[in-house]
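Trainee: Sequential numbering from 6 applies to the sequence shown in our numbering.
Take a look at the following structure, please.
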Amino acid sequence: MVSMEYYPFDSRNSLYRSKLGAVADGETLRLRLLLHNDAHVYEAFLLFSDDFGNTSEIKLEKREQLENYRFYDCEVTPKNGIYWYSFRYTSEYGEFYVNREKHSLGIVSREKRRAWQLTVYDGNFKTPDWLSGGIIYQIFPDRFFASGEKKEDVPTDRFLCEDWSKQPEYRQNNGPCSLGNDYYGGDFKGIEQKLGYLSDLGVSCIYMNPVFEAHSNHRYNTADYMKLDPLLGNEKDLQSLIDAAKKRGIYIVFDGVFSHTGDDSRYFNRYNRYDTVGAYNSMQSPYYSWYKFNNYPDSYSAWWGVPSLPETNEEDPSFTEFITGKDGVIRYWLKKGIRGWRLDVADELPDAFLDNIRKAVKAEGADKFLLGEVWEDATNKISYGARRKFLRGSQLDSVMNYPFSEAIFAFLKGGDADELMDSVLDITENYPPEAVKLLMNHIGTHDTVRAITRLGIDDGYVGDRAWQSSRVMTYDEYSKGVRLLMLAAVLQYTLPGVPSLYYGDEAGLAGYGDPFCRGTYPWGKENAALVEFYKKLGKMRRSNRAFDNGEFIPVYASFGSVIYERKKGASSVLVAVNRWCEPACVDIPERFRTAQPLFGEYDGADRLLIPAQGFVILKK
């Protein structure tokens with residue numbers, strides 16, 4: 006029976022598509038158009054375009070009738086790529102198009118407008134299983150925990166803060182960036198000493214911001230890819246951390262920064278810190294071809310125009326070999342025991358370079374993980390003048406999930422629930438399932454305002470760094486931020502993908518952007534109730550198979566409430582979140598009326614009461 010709310014096409018409904026979401030190359034897809042008999046259709050066509058603008062019109066065959074409607078369908082078997090499709094039909098009333106409108110529904114129009122996306126990926130695309138159903142914990146190494154053990158060969162030009170609880174300072178150099186030479190002494194041994202705590206949170210993966218020698222506390226200005234920063238420790242310390250973490254089922258992922266190095270590096274050597282002949286020192290340097298000089302030596306391409314971050318030439322054969330070769334950076338550290346790499350600004354790396362990185366990663370084992378930083382939908386991102394192929398099977402395993410993050414914040418800051426649901430479904434529709442299962446679902450990173458601050462403060466104006474450093478949340482703002490953070494965490498931990506907890510969020514850390522989002526973990530001053538909440542949430546996630554790449558089933562989304570089911574085999578969990586300041590009472594599926602609450606209260610009624618700015622999680 007056709008619903009009273011009739012649509013000629015819906016890409017998220019199996020009535021219209023033989024397979025939902027992205028499809029593997031070589032897989033045949035049947036598309037069905039449903040038109041009312043009163044339309045008096047003569048002919049109907051699928052308009053099918055590749056990413057180069059080549060469009061085919063495929064005639065739809067007239068099929069069975071359903072009440073007062075008739076199906077028209079065809080089959081397509083596209084190759085690896087991104088495609089766009091819509092429909093056209095002619096009738097005694099003229100020519101019409103069926104275009105994609107809100108929520109992926111088809112709407113009849115006289116004009117051709119927005120099309121649906123179809124992602125076609127390599128059928129052999131397989132991502133590691135070990136992280137699915139797990140939890141990532143992101144650590145800014147200098148700020149997590151300091152063992153206090155003496156280090157060797159630490160450069161003398163570093164400012165070491167004696168007060169662990171002191172707010173980071175924004176010391177500006179002559180350029181547009183912070184000097185970043187204030188250090189707190191967090192190290193590998195410190196992380197190792199806190200592995201029990203991380204295990205209690207349910208953590209299965211530690212993603213560390215850069216750890217190589219560099220002359221700033223963030224270490225995104227790499228000085229030596231083959232040497233660990235001495236303030237963090239040596240290779241023996243790293244190995245001890247890797248081994249101890251593995252015993253607890255926790256694996257380490259490094260941050261790879263390959264789009265640029267530091268100007269104060271052994272490769273560029275602008276300040277003659279190193280005994281190498283850097284690119285800045287001589288045009289005969291073995292590293293000269295690694296960079297892009299405009300007017301040698303002082304004019305060169307720099308990342309976002311920052312002179313201290315000279316851009317690399319990733320198409321240079323010697324640089325490519327250094328990073329991705331048999332004895333290159335990627336494979337060297339994988340051999341040391343790390344489990345994968347996160348690629349900084351992956352969308353600024355050319356395809357050929359990414360292809361080589363993937364080959365290097367997977368040469369060390371299919372279980373090795375490759376994650377990319379992409380802020381938009383990674384399947385239709387355009388950079389380098391072309392549609393990127395990040396998730397089509399030959400490059401990244403998955404990406405940082407900024408679309409989910411922004412959708413969660415928009416919802417909790419006043420947006421409609423159906424917009425949140427639509428954002429989730431857009432990603433699950435466009436991304437290959439293997440990429441979806443390992444999406445890095447974060448609500449805060451080293452690049453963003455702390456979640457508590459973003460959720461608790463309604464500033465219409467965010468001032469400069471001096472203003473940010475002095476802005477202190479009120480009690481009410483902080484309480485609101487914590488309350489909404491818990492809702493954000495529930496969404497983050499239960500939506501498709503893998504939650505990534507930014508160190509200290511679970512302890513109640515607040516702060517605006519860099520460097521204030523990079524404060525030290527408040528050991529001994531944590532928000533204890535919030536920490537316990539995250540431990541309980543982590544335990545729930547790790548103990549229910551539904552979150553291990555389980556099916557995502559939308560149930561309800563209206564105004565300030567959203568309900569969805571995660572299901573895998575016999576494991577089924579219902580998640581209900583209400584952002585309103587008043588309780589919400591909503592119908593739930595009959596199959597959950599005998600469910601047991603994992604969080605919150607439920608009495609078995611046909612309607613579920615979701616507390617004000619609260620949530621309920623049920624297990625069937």
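C-beta: ideal position from N, C-alpha, C; glycine also.
To the nearest angstrom, how far is it from the Cα of Leu105 to the Cα of Phe76?
Mentor: It should be pointed out that residue 105 corresponds to Arg in this sequence rather than to Leu. Cα to Cα, Arg105 sits roughly 18 Å from Phe76.
Trainee: Relative to the C-alpha of Met231, which residue among Ile255, Pro315, Ser264, Ile328 is closest?
Mentor: Ile328
Trainee: What residues are listed by DSSP as bridge partners for Asn286?
Mentor: DSSP lists no partner for Asn286.
Trainee: For the ligand SAH, any of its heavy atoms closer than 8 Å to the Cβ of Asn274?
Mentor: With respect to the ligand SAH, the structure shown offers nothing to examine, as it has no ligands at all.
Trainee: What number of angstroms, rounded off, separates the C-alpha of Thr5 from the C-alpha of Ser323?
Mentor: Past the boundaries of the shown model lies residue 5; the chain is included only from 6 to 625, so the question cannot be answered.
Trainee: When you compare only the Cα positions, how much space is there between Leu36 and Ser23?
Mentor: 7 Å
Trainee: By a C-beta neighbour count over all protein chains shown, 10 Å radius and 16 as the cutoff for buried, is Pro588 buried or exposed?
Mentor: By the neighbour-count criterion, in which a residue is buried when 16 or more other Cβ atoms sit within 10 angstroms of its Cβ, Pro588 is exposed.
Trainee: At the level of alpha carbons, what is the spacing between Gln198 and Glu157?
Mentor: 20 Å
Trainee: Based on Cα-Cα distance, which residue from Arg336, Lys341, Tyr293, Pro312 lies nearest to Glu319?
Mentor: Tyr293
Trainee: Using C-beta distances below 8 Å, list every residue in its chain close to Phe50, excluding the 5 sequence neighbours before and after it, in chain order.
Mentor: Glu62, Ile63, Lys64, Leu65, Phe92, Arg93, Tyr94
Trainee: If you draw a straight line from the alpha carbon of Asp464 to that of Ile255, how long is it in whole angstroms?
Mentor: 39 Å
Trainee: Among Asp321, Trp380, Gly207, which has the Cα closest to the Cα of Asn361?
Mentor: Selected option, being the one with the closest Cα: Asp321.
Trainee: List the endpoints of the continuous alpha helix (DSSP H) containing Met491.
Mentor: 480-499
Trainee: Would you check if the stretch 465-475 and the stretch 486-493 touch, i.e. whether three or more CB-CB distances between them fall below 8 Å?
Mentor: no
Trainee: Nearest CA to the CA of Met405: which residue from Phe416, Arg393, Asp382?
Mentor: Asp382
Trainee: Tell me the rounded alpha-carbon separation between Asp187 and Asn239.
Mentor: For Asp187 and Asn239, the distance between alpha carbons rounds to 20 Å.
Trainee: Work out the CA separation of Phe298 and Ser304 for me, nearest whole Å.
Mentor: 6 Å
Trainee: Note down, one range per segment and in chain order, each beta strand (DSSP E) of at least 3 residues found wholly within the stretch 194-246.
Mentor: 210-213, 217-219, 227-233
Trainee: Give me the Cβ distance between Tyr12 and Ser54, rounded to the nearest whole Å; I'm assuming they're in contact under 8 Å.
Mentor: At roughly 22 Å, the Cβ-Cβ gap does not stay under 8 Å, so Tyr12 and Ser54 are not in contact.
Trainee: Give me, in chain order, the residues of the same chain whose beta-carbon lies closer than 8 Å to that of Phe273; leave out the 5 immediate sequence neighbours on both sides.
Mentor: Thr266, Gly267, Gly283, Ala284, Tyr285, Tyr292, Tyr296, Pro315
Trainee: Out of Leu359, Asp349, Ser403, Ile257, which one is the CA nearest neighbour of Glu326?
Mentor: Leu359
Trainee: With distances taken from CA atoms, which of Lys194, Lys107, Thr132, Ile141 is nearest Phe149?
Mentor: Lys194
Trainee: What residue ranges within the stretch 541-581 form continuous beta strand (DSSP E) runs of no fewer than 3 residues, ordered along the chain?
Mentor: 556-563, 566-573
Trainee: Can you tell me whether Cys590 is helix, strand or coil according to DSSP?
Mentor: strand
Trainee: On the DSSP bridge assignment, give the partners of Met426 in chain order.
Mentor: DSSP, once it has assigned bridges, lists no residue as partnering Met426.
Trainee: With a cut-off of 8 Å on the beta carbons, I'd call His447 and Asn214 a contact; round off their distance for me.
Mentor: So it is not a contact: roughly 13 Å between Cβ atoms.
Trainee: Secondary structure at Pro602, three-state DSSP: helix, strand or coil?
Mentor: If DSSP states are grouped into helix, strand and coil, Pro602 belongs with the strands.
Trainee: Within 10 Å of its beta-carbon, does Met445 have 16 or more other beta-carbons around it, so buried, or fewer, so exposed?
Mentor: The residue is buried, with at least 16 neighbouring Cβ atoms inside 10 Å.
Trainee: Can you tell me where the beta strand (DSSP E) with Glu439 in it begins and where it stops?
Mentor: Where Glu439 is concerned, there is no enclosing beta strand (DSSP E), although the alpha helix (DSSP H) around it starts and stops at 438-441.
Trainee: Assuming Asp423 contacts Ala219 (C-beta within less than 8 Å), just tell me the rounded distance between them.
Mentor: No, Asp423 and Ala219 are not in contact; Cβ-Cβ is about 45 Å, not under 8 Å.
Trainee: Extract the residue ranges of the alpha helix (DSSP H) inside the stretch 281-362, only unbroken runs of 4 or more that lie entirely within it.
Mentor: 322-329, 334-340
Trainee: Between the C-alpha atoms of Trp309 and Glu570, what's the straight-line distance to the nearest angstrom?
Mentor: 42 Å
Trainee: Once DSSP output is grouped into helix, strand and coil, what is the label at Glu62?
Mentor: strand
Trainee: So what's His642 in DSSP terms, helix, strand or just coil?
Mentor: A query on residue 642 cannot be resolved here, the shown segment of the chain reaching from 6 to 625 and no further.
Trainee: For Phe538, which residues from the same chain have a beta carbon less than 7 Å from its beta carbon, with the 5 sequence-adjacent residues on both sides left out?
Mentor: Met491
Trainee: Taking the alpha-carbon of Lys624 as reference, which of Pro559, Asp242, Ala551 has the nearest alpha-carbon?
Mentor: Closest by C-alpha distance to Lys624, out of Pro559, Asp242, Ala551, is Ala551.
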